[in-house]
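Asker:
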């Protein structure tokens, strides 16, 4: 610590709490001198202006400011989720605002209208439609089923983390008395515990209200999914949320098969020499082989795109990286191996100087395989702004409808759209157009105009390998 500086006591210390920030600064400046500035500089670095305030007073004001800001942020988030719930409710009550006549005739027209409204909001706010729908759902459940907690949220007593946990853990199949008990118990904890402790309390209440384990498992089973998380150095994690029995069976099979494979490798190494893999490495290799279907009739039919500068394959490139669509740049050795012998990847040769895509065959017509692949290469992801679903698995749709508007089936009139966006384009009042530079423009029923410029499939900056 720096040199301790004694600050004269104000004649009326209680008056400090009544000073505005401007008057407090003025008072502090009266007691500042060169000696305190040197001491502060030794503690905190360069000091442009030395305003000396007694530490307890300064700390108290800072904590109060932080608390006030947190309450305001909580109130703003409550207003946000409430507004999203209102948007989707208006769309459900007035589906004609978003749906065409064909859309209104669909069996799920009300749900479709809400999805269209969620997309509209998502484009405005730069969120995903899933986030909009989730937050709108949370706002509706809080307002309709958890009024006490909703009031705490609107008052800024609890934050979004607590509100979301309460909705997420609210049992779906309990009677109104149980819901009221859940609301009351959690409202009593509002503002008294950390968000983590609040979630634990909500989880404990859920267990008590859902005394039947089978019912709890049935609800949890609905959330099963697989998530890919990119990691560093050309690697990625695969997360799978599955039932515990399935997870145990998978682990047991991986373990037993890896043990047998390790013995084979040990024998081979003893007789012929060579390296051996660890059990973890063997289990990972087995998992990839089983899931990808390598060498089996169930081998993956959807092939990600691999962009490889042709000169790089023979060691004469200028550092331009290879790119695995859906992941990013990969190292040259991995790219060369995939280009040679990986049947699960489409190989796209690119000009090493311009990045222009080479050797695509256009011998067939009406969305041909070549056209689909060309669109997947050009767009990379769904053609709608801010949608990151891969174009290689998307539908191919006509911007100018083929049957209704006599649109042609050519690259300039085709766009890759993920199935949800494809359906919304067909059945709602969203308008999709293509500019001369290839930009896809989306105009929503509320007037928002979004633009998606197809990216260069190869990165501008070289990767660090």
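Numbering (this note's numbering), first residue to last: 1108 to 1572. Each residue gets a CB set at the ideal place from its N, CA and C atoms; glycine is no exception. These numbers were taken from a predicted model, which means no experiment stands behind them.
(1) Assuming the contact rule is C-beta atoms closer than 8 Å, residue 1482 and residue 1521 should be a hit. Round their C-beta distance to whole Å, please.
(2) Going straight from the alpha carbon of residue 1370 to that of residue 1385, what length do you get?
(3) Beta-carbon separation of residue 1523 and residue 1486 under 9 Å?
(4) In whole angstroms, what separates the C-alpha of residue 1190 from that of residue 1253?
(5) Between the segment 1332-1352 and the segment 1298-1312, are three or more C-beta pairs nearer than 8 Å?
(6) Could you tell me how far apart the beta carbons of residue 1276 and residue 1331 are, in whole angstroms, since I believe they sit closer than 8 Å?
(7) Identify every run of the alpha helix (DSSP H) within the segment 1491-1534, keeping only runs that are complete inside it and at least 4 residues long; order them along the chain.
(8) Answer yes if the segment 1533-1552 comes into contact with the segment 1222-1242, meaning at least three C-beta pairs across the two stretches below 8 Å, and no otherwise.
(9) What first and last residue would you give for the alpha helix (DSSP H) that runs through residue 1218?
(10) Is residue 1337 helix, strand or coil by DSSP?
(11) For residue 1195, collect the residues of the same chain with a Cβ closer than 6 Å to its Cβ; drop the 5 residues on either side in sequence, then sort them by chain order.
(12) Check whether the segment 1387-1399 touches the segment 1352-1367, taking contact to mean three or more Cβ pairs, one atom from each stretch, closer than 8 Å.
(13) Tell me whether residue 1267 sits in a helix, a strand or coil according to DSSP, three-state version.
(14) What is the DSSP secondary structure of residue 1383, reduced to helix, strand or coil?
(15) Who are the Cβ neighbours of residue 1560 in its own chain at under 6 Å, not counting the five residues just before and after it?
(16) Where does residue 1175 fall in DSSP's three states?
(17) In its own chain, which residues sit with a C-beta less than 7 Å from the C-beta of residue 1217, not counting the 5 before and 5 after it?
(18) What three-state label does DSSP hand residue 1253 in the structure shown?
(19) Across which residues does DSSP place residue 1557 in a beta bridge pair?
(20) Leaving out five residues on either side along the sequence, give the residues of the same chain with a beta carbon under 6 Å from the beta carbon of residue 1506.
(21) Which whole-angstrom value is the C-beta distance of residue 1293 and residue 1308, which I expect to be below 8 Å?
(22) Taking only the alpha-carbon atoms, compute the straight-line gap between residue 1165 and residue 1177 and give it to the nearest angstrom.
(23) Over the uninterrupted alpha helix (DSSP H) stretch that includes residue 1288, give me the two end residues.
(24) Sort 1347, 1551, 1167 by Cα distance to residue 1206 and report the nearest one.
(25) Which of the three DSSP states, helix, strand or coil, is assigned to residue 1540?
(26) Between the Cα of residue 1327 and the Cα atoms of 1345, 1358, 1279, which residue gives the shortest distance?
(27) Kindly list the residues whose CB is nearer than 7 Å to the CB of residue 1213, restricted to its own chain and excluding five residues on each side of it in sequence; keep chain order.
(28) Report yes if the CB atom of residue 1185 is closer than 9 Å to the CB atom of residue 1305, and no otherwise.
Answerer: To lay it out plainly:
(1) 6 Å
(2) 11 Å
(3) Cβ atoms of residue 1523 and residue 1486: closer than 9 Å.
(4) 17 Å
(5) no
(6) With a Cβ gap of about 18 Å, residue 1276 and residue 1331 do not count as contacting.
(7) 1509-1512, 1526-1534
(8) Inter-segment contact for the segment 1222-1242 and the segment 1533-1552 is present: three or more beta-carbon pairs are separated by less than 8 Å.
(9) 1216-1232
(10) Looking at residue 1337 - three-state DSSP - the assignment turns out to be strand.
(11) So the qualifying residues of the chain are 1221, 1224, 1243.
(12) yes
(13) helix
(14) coil
(15) Excluding sequence neighbours, residue 1560 sits near 1546.
(16) helix
(17) The residues are 1199, 1202.
(18) DSSP places residue 1253 outside both helix and strand once states are collapsed to three, so it counts as coil.
(19) 1549
(20) In the same chain as residue 1506, and ignoring 5 residues on each side of it, the C-beta atoms closer than 6 Å to its own belong to 1520, 1522, 1539, 1541, in chain order.
(21) 7 Å
(22) 19 Å
(23) Start and end: 1283-1296.
(24) 1551
(25) strand
(26) The candidate whose alpha carbon is nearest that of residue 1327 is 1279.
(27) Here residue 1213 has 1219, 1534 as same chain residues with Cβ atoms under 7 Å from its own Cβ, once five neighbours each way along the sequence are excluded.
(28) no
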